[in-house]
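The listed protein sequences derive, respectively, from chains A and B.
Sequence positions in the first sequence follow numbering that gives the first Met the number 0 and run 0 to 219.
Sequence positions in the second sequence follow numbering that gives the first Met the number 0 and run 0 to 219.
2 protein chains.
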Amino acid sequence: MTTRIVELRRGILKKNDELAAHLRERYAAAGVLVFNLVSSPGTGKTAFLERTLRELRARGTQAAALVGDLETDNDARRLAASGAPVRQINTHGICHLDAEMIGKHLDEWQEIALPALDMLFIENVGNLVCPSSYDLGERIRVVLLSVTEGEDKPLKYPTMFNSADAAVITKVDIAEPCGFDRELALKNIHEVRPGIPVFETSAKTGAGFATWLDFLAQQR
Amino acid sequence: MTTRIVELRRGILKKNDELAAHLRERYAAAGVLVFNLVSSPGTGKTAFLERTLRELRARGTQAAALVGDLETDNDARRLAASGAPVRQINTHGICHLDAEMIGKHLDEWQEIALPALDMLFIENVGNLVCPSSYDLGERIRVVLLSVTEGEDKPLKYPTMFNSADAAVITKVDIAEPCGFDRELALKNIHEVRPGIPVFETSAKTGAGFATWLDFLAQQR
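So, in structure tokens, the structure goes:
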């Protein structure tokens with residue numbers, strides 16, 4: 000049975016890679032920069048993204064978001080507070096987004112036209128394992144890690160951190176009560192993914208967002 | 000391809016259920032009470048379990064732990080500080096433990112004899128989705144949620160909370176700086192899983208452990 004699973008898994012990932020390649024062409028043709036945000040549940044992806052969308056809007060950047068969850072549209076409602084167009088994807092038990100879901104939702108999303116956007120953010124299902132294997136055609140994969148989670152997460156989930164293009168540390172406002180060891184976290188991130196840019200942020204206080212938004216602007 | 004995946008998935012889960020039933024008989028024959036601890040990465044399963052093992056030891060209860068991670072033996076080393084026998088399982092990319100892994104590791108674990116144990120704790124891979132489908136033969140599944148994670152996790156990961164027999168809220172010592180809404184969290188847990196016992200704990204201060212240990216003693 001193991002051989003069949005490995006073969007089938009390869010087939011699924013190959014099909015996903017093909018669909019992701021099409022998405023990548025579609026994003027490029029539309030001139031939209033696409034991000035895929037991945038993290039553990041509870042890291043604060045939604046709060047981080049809501050503030051990012053709001054601050055981009057204030058800078059005149061056109062951004063939208065797709066957000067994946069197993070159930071509920073809580074995150075879409077929270078993100079919509081930013082004023083940006085947002086669409087919820089419910090995976091109903093699937094532990095990650097895939098390229099087919101993204102393509103389908105972009106086709107059905109009447110409210111936005113990709114060429115009118117500067118940036119599209121995809122907030123993945125909260126999971127540090129499964130989303131690492133599924134390319135969504137994004138140009139930049141962002142892995143988030145909160146100060147509450149333990150500094151060894153990069154070592155324990157190396158594929159996720161190794162496949163990321165940028166890392167964001169969230170909730171730095173509560174680093175002290177959490178006993179967060181900043182040097183150790185940075186060391187572990189860079190051990191798994193040497194040279195990756197790391198942004199230390201708080202969606203509550205706004206710490207680190209100026210640097211993060213400058214990075215976004217540079218990527219365009 | 001979807002039909003083949005669904006069929007194969009059913010086959011895998013059926014095989015796991017059979018192996019889990021054997022494990023359940025094996026645990027019963029040995030008179031050992033088995034727990035399966037599941038949560039998001041960073042909830043604090045290891046700190047919670049380390050303190051549980053240490054306090055059980057002080058009460059004269061014989062307990063051991065199996066701990067699953069994709070990579071590293073960090074958690075086994077942390078748990079070993081309790082003085083209890085501990086064995087690390089590395090899944091190398093698999094997002095959950097399964098009954099076959101547990102059986103294999105119990106067979107190979109020379110240092111313990113199941114009949115000599117009162118309790119065995121299995122700390123699953125940090126993931127709020129995949130472990131929910133894999134029965135490990137445990138009698139009690141414990142889902143953990145930290146005050147840092149957001150009160151809506153039960154609604155967003157209903158299968159995990161719905162399949163649990165007990166819920167533990169961790170890190171209550173930092174509830175205030177995290178702005179944790181206790182009433183909302185309890186409401187959401189009970190909405191998904193009515194009547195489930197909930198333990199509010201801090202592995203740092205020891206809050207809630209007396210109640211939790213009394214619960215463990217009652218389950219024997």
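The beta-carbon is built from N, C-alpha and C at its ideal position, and this holds for glycine as well.
A quick note: this is a predicted structure, and the numbers were derived from the prediction, not measured.
- By the neighbour-count criterion, in which a residue is buried when 16 or more other Cβ atoms sit within 10 angstroms of its Cβ, Q218(B) is exposed.
- G67(A) is positioned such that its CB atom lies closer than 8 Å to that of T90(A).
- Beta-bridge partners of A64(A) (DSSP): V85(A), F120(A).
- Approximately 5 Å separates the beta-carbon atoms of E49(B) and L78(B); this is inside 8 Å, confirming the contact.
- M118(A) has its alpha-carbon roughly 48 Å from the corresponding atom of R138(B).
- Legend: CB atoms of the stretch 35-46 of chain B lying less than 7 Å from CB atoms of chain A belong to residues S39, P40, G41.
- Taking C-beta atoms as the reference points, A166(A) and I195(A) count as a pair closer than 8 Å.
- Within chain B, the residues placing a beta-carbon under 7 Å from that of N126(A) are N126, V128, ordered along the chain.
- According to the DSSP assignment, A79(A) belongs to the alpha helix (DSSP H) that extends over 73-79.
- A direct Cα-Cα distance of roughly 7 Å separates G149(B) from F179(B).
- Non-local beta-carbon contacts of L55(A) in its own chain, meaning distances under 6 Å to residues more than five positions away in sequence, involve A62 in chain order.
- A check of alpha carbon separations from T204(A) across T169(A), K186(A), V142(A) identifies T169(A) as the nearest.
- Residues of chain B whose Cβ lies closer than 7 Å to the Cβ of S162(A) do not exist; the shortest such Cβ separation is about 12 Å.
- DSSP places T210(B) in the helix class (H, G or I) of the three-state scheme.
- V37(A) has its alpha-carbon roughly 7 Å from the corresponding atom of N126(A).
- Taking the beta carbon of N73(B) as reference, the chain A residues within 8 Å of it are D151, L154, K155, listed in sequence order.
- E150(B) sits in coil when the DSSP states are folded into three classes, being neither helix nor strand.
- Contact between the stretch 204-213 of chain A and the stretch 95-111 of chain B is not established, with fewer than three Cβ pairs separated by less than 8 Å.
- Identification of residues in the stretch 68-102 of chain A having a C-beta nearer than 7 Å to some C-beta of chain B yields D68, L69, E70, T71, N73, G92, C94, given in sequence order.
- Within 8 Å of the CB of S145(B), the CB atoms of chain A belong to G41, T147, in sequence order along the chain.
- Within its own chain, the residues whose Cβ lies closer than 7 Å to the Cβ of A83(A), once the five positions on either side in sequence are excluded, are L52, R56, A62, A63, A64, listed in chain order.
- Closer than 8 Å to the CB of T158(A) there is at least one CB belonging to chain B.
- Its chain contains A64, A75, L78, A79 as the residues whose beta carbon lies nearer than 6 Å to that of V85(A), once the 5 sequence neighbours on both sides are disregarded; these appear in chain order.
- Within chain A, the residues whose beta carbon sits less than 7 Å from that of P176(B) are I173, P176, listed in sequence order.
- Rounded to whole angstroms, M159(A) and G59(A) show a C-alpha spacing of 32 Å.
- The DSSP-derived three-state label of I93(A) is coil.
- The three-state reading of DSSP puts A174(B) in coil, since its state is none of H, G, I, E or B.
- Per DSSP, reduced to three states, the secondary structure at A202(B) is coil, with no helix or strand assignment.
- The criterion of a C-beta distance shorter than 8 Å is satisfied by S39(A) and G41(B).
- Taken through DSSP and simplified to helix, strand or coil, N15(B) comes out as helix.
- Following the DSSP letters along the chain, one finds T45(B) inside the alpha helix (DSSP H) bounded by residues 44-57.
- A residue is called buried once 16 or more other Cβ atoms fall within 10 Å of its Cβ, and R140(A) is buried on that count.
- Taken through DSSP and simplified to helix, strand or coil, N126(B) comes out as coil.
- With a cutoff of 8 Å on beta-carbon distance, V171(A) and V191(A) are scored as not near each other.
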